[in-house]
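A.B. asks: Mind having a look at this structure? Questions to follow.
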Amino acid sequence: MPANKKKHDAFARLADWLENGAQPLDEEIGESLADEAYEEENAAEKTIPSVEVKKQTPKKKKRQERHRRKRRDALTVGAYADAWWYRVTAFIVCVSLVGLLLYGVVRMPLFGNADTLADSEVASFYVTHTLEETGAVNIVTGIILDYRGFDTLGESHVLFVAVSSVLLLLSIRGEKDEQERLLESDREQRTEPDHDLVLQGGARLLLPLVLIFGIYIILNGHLSPGGGFSGGAVLGAGLILYQNAFGYDRIGKFFTYRTFRAVSVSALLFYALAKGYHFLTGANHIPGGIPEGTAGAILSGGLLLPLNIAVGCVVTCTMYALYTMFRRGAF
Amino acid sequence: MAETLRLALFAMLMAGGLIFEISAVFGANRFRFSLNRMHPAGMGDTLGLLLMALAMIVYTGFDWIALKILAAVAVYWITSPVCTHLVGKLVRETEEEQLKTEAKEWKS
């Protein structure tokens, strides 16, 4: 009988013990206690009279603890978590990252130092020039959609990439068999609030207000606090409320995976093209042909309103897509 | 005189709202079972919030912002009972064992 199998076979070990006495088995048990074969140890304790296994509860608890930790590490952070080189590498990586961060922080200008560009010029430039240059009464929108337009484009793409990775990881492909589907529908019926009368009443009262408020935040973004991100979050929450109250059938009539794909991709494309055109003409001092309008009117600020709408569409779709992907893995 | 009365009213309303909110915080953390915890949470969301909003309105005077505050209270008064209802329904569906033991404790 090979040694490995013998180690895991309580009867073989019992036979061995009967033949050879306690001494070799003692060593073997010591070994098995040292490694993670905790279950085998338990089996040994049951089958073998407690001559050699001293029952010391604190020690046993410690072993149990270590065994559990090892198992958990192997399950969560990977089987290498206990190896010495893994720990050394992790330590080196962490320390060097912290060092890099500290190095960067030390080289930053002092807080409140009047000589640095960020404190002396940029802030006052934004405050004095934003209204005149971008036509936005709300300076924050003027900054994030005009001066830092590409930054906002990147943020919208981050949302899109997040949804794409969730789609890759969680989307359910292929047919489920009958039992799985039954189980799932049973679980949904019991735990999910579909067709709940109280929720439907509340949603009927609130949904129009929520949706109108979200649209108002998006459209009024260049005039008052708000804009695409916050308004999109409100609209997405409204969509989630609608789904919860009226179920997937109702929301599937106007918002499906195709809608999501079309709306978010075209909004992102429009944003990129419009912003690229704006920067291209602005940098070369060519008149862009986009009317600025009178500041304070709803149709003013040049590109800010369409860009806000595009960002709002992307954020709405992202919110709802993340929710539904995490809830049931499909639209 | 009127100013003093207004401030006194504001202080009373604010103190009442704070009492409700603080007891809601303690209750929501003190009880163990979810249905018991829902009761103080709902209390803070309704009466505590209303009293504090009224206090703010008394303090600033009645204008558009006061209407917005009242609208926020109205939204809370619609959503909080709905949330409470849903959580209670979920507890009833999923924690039958716990509910039974709680009921036994209450009877004895």
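As you go down the protein sequences, you meet chains D and L in turn.
Add 1382 to a position in the first sequence, counting from 1, and you land on the number used in my numbering.
Add 1 to a position in the second sequence, counting from 1, and you land on the number used in my numbering.
Note that the Cβ used here is the ideal one computed from N, Cα and C, for glycine as well.
Bear in mind that the values here come from a model prediction, so they are computed numbers and not experimental data.
(1) Just reading off the alpha helix (DSSP H) that R1489(D) is part of, what are its end residues?
(2) If distances are taken between C-alpha atoms only, which option among A1665(D), L1581(D), L1588(D) comes closest to V83(L)?
(3) Can you pull the chain L neighbours of G1584(D), defined as C-beta to C-beta under 7 Å?
(4) To which residues of the same chain is G28(L) closer than 6 Å at the C-beta, ignoring the five residues directly before and after it?
(5) Rounded to whole angstroms, what is the Cα-Cα separation between L1655(D) and F34(L)?
(6) Given a cut-off of 9 Å on the beta-carbon distance, is the pair G1618(D) and N1690(D) in contact?
(7) To the nearest angstrom, report how far apart T95(L) and K101(L) are at their CA atoms.
(8) Just the chain D side, please: which residues come within less than 7 Å of H86(L) by C-beta, in chain order?
(9) Note down, one range per segment and in chain order, each alpha helix (DSSP H) of at least 4 residues found wholly within the region 46-91 of chain L.
(10) The alpha helix (DSSP H) spanning V1580(D) covers which residue range?
(11) Got a sec? Which residues, its chain only, sit under 8 Å from L1549(D) by beta carbon, not counting five neighbours each side?
(12) Are the C-beta of K90(L) and some C-beta of chain D separated by less than 9 Å?
(13) Are any of the Cβ atoms in chain D nearer than 9 Å to that of V76(L)?
(14) Could you say which of A1679(D), D1533(D), D1578(D) lies nearest to F1628(D) if we only look at CA atoms?
(15) Using the three-state DSSP reduction, which class does P1673(D) fall into: helix, strand or coil?
(16) Alpha carbon to alpha carbon, what distance is there between L1482(D) and V26(L)?
(17) Which chain L residues sit within Cβ distance under 9 Å of L1588(D)?
(18) Report the rounded CA-to-CA distance for Y1508(D) versus A1496(D), giving the unit in angstroms.
(19) Assuming L1686(D) and L1527(D) are in contact, meaning their beta carbons sit under 8 Å apart, how far apart are those beta carbons, in whole angstroms?
(20) When you compare each of Y1653(D), P1440(D), W1467(D), E1674(D) to V1696(D) by their alpha carbons, which one comes out closest?
(21) Does the CB of L1415(D) have a neighbour CB from chain L at under 9 Å?
(22) Output the distance between the C-alpha atoms of L1621(D) and G43(L), rounded to the nearest integer angstrom.
(23) Which of the three DSSP states, helix, strand or coil, is assigned to F1661(D)?
(24) Y1702(D) lies in the alpha helix (DSSP H); which residues open and close that run?
(25) Just to confirm, is the Cβ distance from L1649(D) to V1592(D) under 9 Å?
(26) Are L36(L) and E98(L) closer than 9 Å when you measure CB to CB?
(27) With a 10 Å radius around its C-beta and 16 neighbouring C-beta atoms as the bar for buried, classify S1432(D) as buried or exposed.
(28) What is the rounded straight-line gap between the Cα of H1511(D) and the Cα of E1503(D)?
(29) Could you give the residue range of the alpha helix (DSSP H) that holds N1626(D)?
(30) Looking at the secondary structure, which residues open and close the alpha helix (DSSP H) in which L1541(D) lies?
(31) Could you check whether the Cβ of L1605(D) sits closer than 9 Å to any Cβ belonging to chain L?
(32) Can you confirm whether L1549(D), when its beta carbon is compared against all beta carbons of chain L, has any partner nearer than 9 Å?
(33) Please classify K1657(D): is it buried, with 16 or more other beta-carbons within 10 angstroms of its beta-carbon, or exposed?
(34) Do the CB positions of I70(L) and L1587(D) come within less than 9 Å of each other?
(35) Would you decide whether Q1561(D) is buried or exposed? Buried here means 16 or more other CB atoms lie within 10 Å of its CB.
(36) Can you give me the start and stop residues for the alpha helix (DSSP H) that A36(L) sits inside?
C.D. replies: The structure says:
(1) Taking the first sequence and counting its residues from 1, one reaches residue 1489(D) at position 107. Per DSSP, R1489(D) belongs to no alpha helix (DSSP H) and is neither H nor E.
(2) Taking the second sequence and counting its residues from 1, the one referred to as residue 83(L) is at position 82. Among A1665(D), L1581(D), L1588(D), the Cα nearest to that of V83(L) is on L1581(D).
(3) For the purposes of this step, residue 1584(D) is identified with residue 202 of the first sequence, where counting begins at 1. Ordered by position in chain L, the residues that pass the 7 Å Cβ test against G1584(D) are I79, T80, V83.
(4) Taking the first residue of the second sequence as 1, we reach residue 28(L) at position 27. Here the set comprises P41.
(5) The residue you call residue 1655(D) lines up with position 273 of the first sequence. The residue you call residue 34(L) lines up with position 33 of the second sequence. When rounded, the distance between both Cα atoms is 55 Å.
(6) For the purposes of this step, residue 1618(D) is taken as the residue at position 236 of the first sequence. For the purposes of this step, residue 1690(D) is taken as the residue at position 308 of the first sequence. No, the Cβ-Cβ distance between G1618(D) and N1690(D) is not below 9 Å.
(7) For the purposes of this step, residue 95(L) is taken as the residue at position 94 of the second sequence. For the purposes of this step, residue 101(L) is taken as the residue at position 100 of the second sequence. Near 12 Å, if we compare the C-alpha coordinates of K101(L) and T95(L).
(8) In the second sequence, the residue the question calls residue 86(L) occupies position 85. Under the 7 Å cutoff, chain D gives V1580.
(9) 50-61
(10) Your numbering for residue 1580(D) matches position 198 in the first sequence. Taken as a continuous stretch (DSSP letters only), the alpha helix (DSSP H) holding V1580(D) covers 1579-1601.
(11) As a first step, residue 1549(D) is located in the first sequence; it is residue number 167 there, counting from the start. For L1549(D), where only same-chain residues beyond five positions count, the Cβ hits under 8 Å are A1703, M1707.
(12) Numbered from 1 along the second sequence, position 89 holds the residue referred to as residue 90(L). Answer yes: the Cβ-Cβ gap between K90(L) and chain D drops below 9 Å somewhere.
(13) Here residue 76(L) is taken as the residue at index 75 of the second sequence, counted from 1. Yes, because at least one Cβ of chain D sits closer than 9 Å to the Cβ of V76(L).
(14) Here residue 1628(D) corresponds to residue number 246 of the first sequence, with the count starting at 1. Nearest C-alpha to F1628(D): D1578(D).
(15) Translated into positions along the first sequence, residue 1673(D) becomes position 291. Here P1673(D) sits in coil by DSSP.
(16) As a working note, residue 26(L) is residue 25 in the second sequence. As a working note, residue 1482(D) is residue 100 in the first sequence. About 42 Å.
(17) As a first step, residue 1588(D) must be located in the first sequence, where it is residue number 206. Going along chain L in sequence order, the residues near L1588(D) (Cβ under 9 Å) are V76, I79, T80, V83.
(18) Against the first sequence, residue 1508(D) aligns to sequence position 126. Against the first sequence, residue 1496(D) aligns to sequence position 114. Spanning the two alpha carbons is a distance of roughly 16 Å.
(19) For this step, residue 1686(D) is matched to residue 304 along the first sequence. For this step, residue 1527(D) is matched to residue 145 along the first sequence. Confirmed, Cβ separation roughly 5 Å.
(20) Sequence index remark: in the first sequence, residue 1696(D) carries index 314 (1-based). Comparing Cα positions, the closest option is Y1653(D).
(21) Walking along the first sequence from the start, residue 1415(D) turns up at place 33. Note on L1415(D): pLDDT 48, under 50, position unreliable in the model; the coordinate value appears next. L1415(D) does not count as touching chain L.
(22) Position 239 of the first sequence, counting from 1, holds the residue named residue 1621(D). Position 42 of the second sequence, counting from 1, holds the residue named residue 43(L). Taking the straight line from one Cα to the other gives about 25 Å.
(23) Residue mapping note: residue 1661(D) aligns to position 279 of the first sequence, counting from 1. It is helical.
(24) On the first sequence, position 320 is the one that residue 1702(D) refers to. Segment 1686-1710, the alpha helix (DSSP H) holding Y1702(D).
(25) Against the first sequence, residue 1649(D) aligns to sequence position 267. Against the first sequence, residue 1592(D) aligns to sequence position 210. Just to set this straight, residue 1649(D) is Ala in the shown sequence, not Leu. No, they are not a contact pair.
(26) Residue mapping note: residue 36(L) aligns to position 35 of the second sequence, counting from 1. Residue mapping note: residue 98(L) aligns to position 97 of the second sequence, counting from 1. In this structure, E98(L) does not lie closer than 9 Å to L36(L) by Cβ.
(27) Your numbering for residue 1432(D) matches position 50 in the first sequence. A caution first: S1432(D) carries a pLDDT of 49, below 50, which makes its placement in the model unreliable, though a value can still be read off. The residue in question, S1432(D), is exposed, as its Cβ has fewer than 16 Cβ neighbours within 10 Å.
(28) The count along the first sequence starts at 1 and reaches residue 1511(D) at position 129. The count along the first sequence starts at 1 and reaches residue 1503(D) at position 121. Each residue's alpha carbon lies about 11 Å from the other.
(29) Working through the first sequence from its first residue, we reach residue 1626(D) at position 244. 1610-1633 is the extent of the alpha helix (DSSP H) around N1626(D).
(30) Within the first sequence, residue 1541(D) is the residue found at index 159, counting from 1. Looking at the DSSP string, the run of the alpha helix (DSSP H) that includes L1541(D) is 1531-1552.
(31) Walking along the first sequence from the start, residue 1605(D) turns up at place 223. No - not a single Cβ of chain L is within 9 Å of the one on L1605(D).
(32) Here residue 1549(D) corresponds to residue number 167 of the first sequence, with the count starting at 1. No - not a single Cβ of chain L is within 9 Å of the one on L1549(D).
(33) Along the first sequence, read from residue 1 onward, the residue named residue 1657(D) stands at position 275. Buried.
(34) In the second sequence, residue 70(L) corresponds to position 69, counting from 1. In the first sequence, residue 1587(D) corresponds to position 205, counting from 1. Taking 9 Å as the Cβ cut-off, I70(L) and L1587(D) do not qualify as a contacting pair.
(35) By 1-based counting over the first sequence, the position of residue 1561(D) is 179. Per the 10 Å Cβ criterion, exposed.
(36) Residue numbering aside, residue 36(L) sits at position 35 when the second sequence is read from its first letter. The identity of residue 36(L) in the sequence shown is Leu, whereas the question assumes Ala. L36(L) -> alpha helix (DSSP H) spans 35-44.
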